[in-house]
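*Asks:* One rule links them: number in the working numbering = place in the sequence shown (from 1) + 40. My structure is below; once you've seen it, I'll send some questions.
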Amino acid sequence: MLLESPRAPYLQFMNPPDLYDPRLNGYSHVSLVTRPAKFIFAAGQGGEDMCGGLLADFSSQVNRALANLRVALQAGGADIPDVAKITVLIVDHSMERLAIFTRAWQALLGDWPAPPCTLIPVPRLALDGMLFEIEAVAVLPD
Numbered sequence: 041m042l043l044e045s046p047r048a049p050y051l052q053f054m055n056p057p058d059l060y061d062p063r064l065n066g067y068s069h070v071s072l073v074t075r076p077a078k079f080i081f082a083a084g085q086g087g088e089d090m091c092g093g094l095l096a097d098f099s100s101q102v103n104r105a106l107a108n109l110r111v112a113l114q115a116g117g118a119d120i121p122d123v124a125k126i127t128v129l130i131v132d133h134s135m136e137r138l139a140i141f142t143r144a145w146q147a148l149l150g151d152w153p154a155p156p157c158t159l160i161p162v163p164r165l166a167l168d169g170m171l172f173e174i175e176a177v178a179v180l181p182d
């Protein structure tokens, strides 16, 4: 099944029928860039504020990191519907933490197709107390 983003027709998403359906978990298996494009690489964003202070709990860090990701993408001229791939890092990964991230990510996506996602459980991140990080690759028409 091929899904095309109405905002970004040069970016398509696929879920091959021989793989499980990942949409309930908020991602697709494959993204295709179908035209010459400009790529935007957003570094991993965490739950820190402009001064580098971290919010205390996992849910707050996820929400702040997603807001930070959006700011980074917009600085490059892109936004969430232009994202072709994300990588998520979770300290002390659990199904509860995955559910918190999935709900927040799906709320941000709204009706846009979900890009491929790689989730990596990690023992720690760059800053003391940092529990979540997300990076993205976005695509704009050339």
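Glycine included, every Cβ here is placed at the ideal spot set by N, Cα and C.
1) Tell me which residues share the same chain as Gly169 and place their Cβ nearer than 6 Å to its Cβ, disregarding the 5 neighbours each side in the sequence.
2) Do Val177 and Ala77 have their C-beta atoms within less than 7 Å of each other?
3) Which parts of the segment 91–179 are runs of the beta strand (DSSP E), unbroken and 3 residues or longer, counting only runs that do not cross its ends?
4) Take Arg47 as the anchor and find which of Asp61, Asp58, Phe81, Ala124 has the nearest alpha-carbon.
5) Alpha carbon to alpha carbon, how far is Arg110 from Asp119? Give it in angstroms, no decimals.
6) When DSSP labels each residue in this structure, what does Leu59 get in the three-state scheme?
7) For Leu72, which beta-bridge partners are listed by DSSP?
8) With a cut-off of 8 Å, do at least 3 Cβ pairs link the segment 48–55 to the segment 121–141?
9) Could you tell me whether the Cβ atoms of Ala105 and Gly87 are closer together than 7 Å?
10) Please work out which residues of its chain come closer than 6 Å, Cβ to Cβ, to Ala154, disregarding the five sequence neighbours upstream and downstream, and give them in chain order.
*Replies:* In short:
1) Residue mapping note: residue 169 aligns to position 129 of the sequence shown, counting from 1. Closer than 6 Å at the Cβ level, and outside the excluded window around Gly169, lie Leu94.
2) In the sequence shown, residue 177 corresponds to position 137, counting from 1. In the sequence shown, residue 77 corresponds to position 37, counting from 1. No, the Cβ-Cβ distance between Val177 and Ala77 is not below 7 Å.
3) 123–131, 157–162
4) To locate residue 47, count along the sequence shown from 1; it is residue 7. The option with the nearest alpha carbon to Arg47 is Ala124.
5) What you label residue 119 is simply residue 79 of the sequence shown in a count that begins at 1. What you label residue 110 is simply residue 70 of the sequence shown in a count that begins at 1. Spanning the two alpha carbons is a distance of roughly 6 Å.
6) Your numbering for residue 59 matches position 19 in the sequence shown. Coil at Leu59, not helix or strand.
7) Numbered from its first residue, the sequence shown carries residue 72 at position 32. Bridge partners of Leu72: Gln52.
8) By the Cβ criterion, the segment 48–55 is in contact with the segment 121–141, since at least three pairs of Cβ atoms, one from each stretch, lie closer than 8 Å.
9) Taking the first residue of the sequence shown as 1, we reach residue 105 at position 65. Taking the first residue of the sequence shown as 1, we reach residue 87 at position 47. Cβ atoms of Ala105 and Gly87: closer than 7 Å.
10) Counted from its first residue, the sequence shown places residue 154 at position 114. If we look at Ala154 and ignore the five residues flanking it on each side, its Cβ neighbours are Gly66, Tyr67, Ser68.
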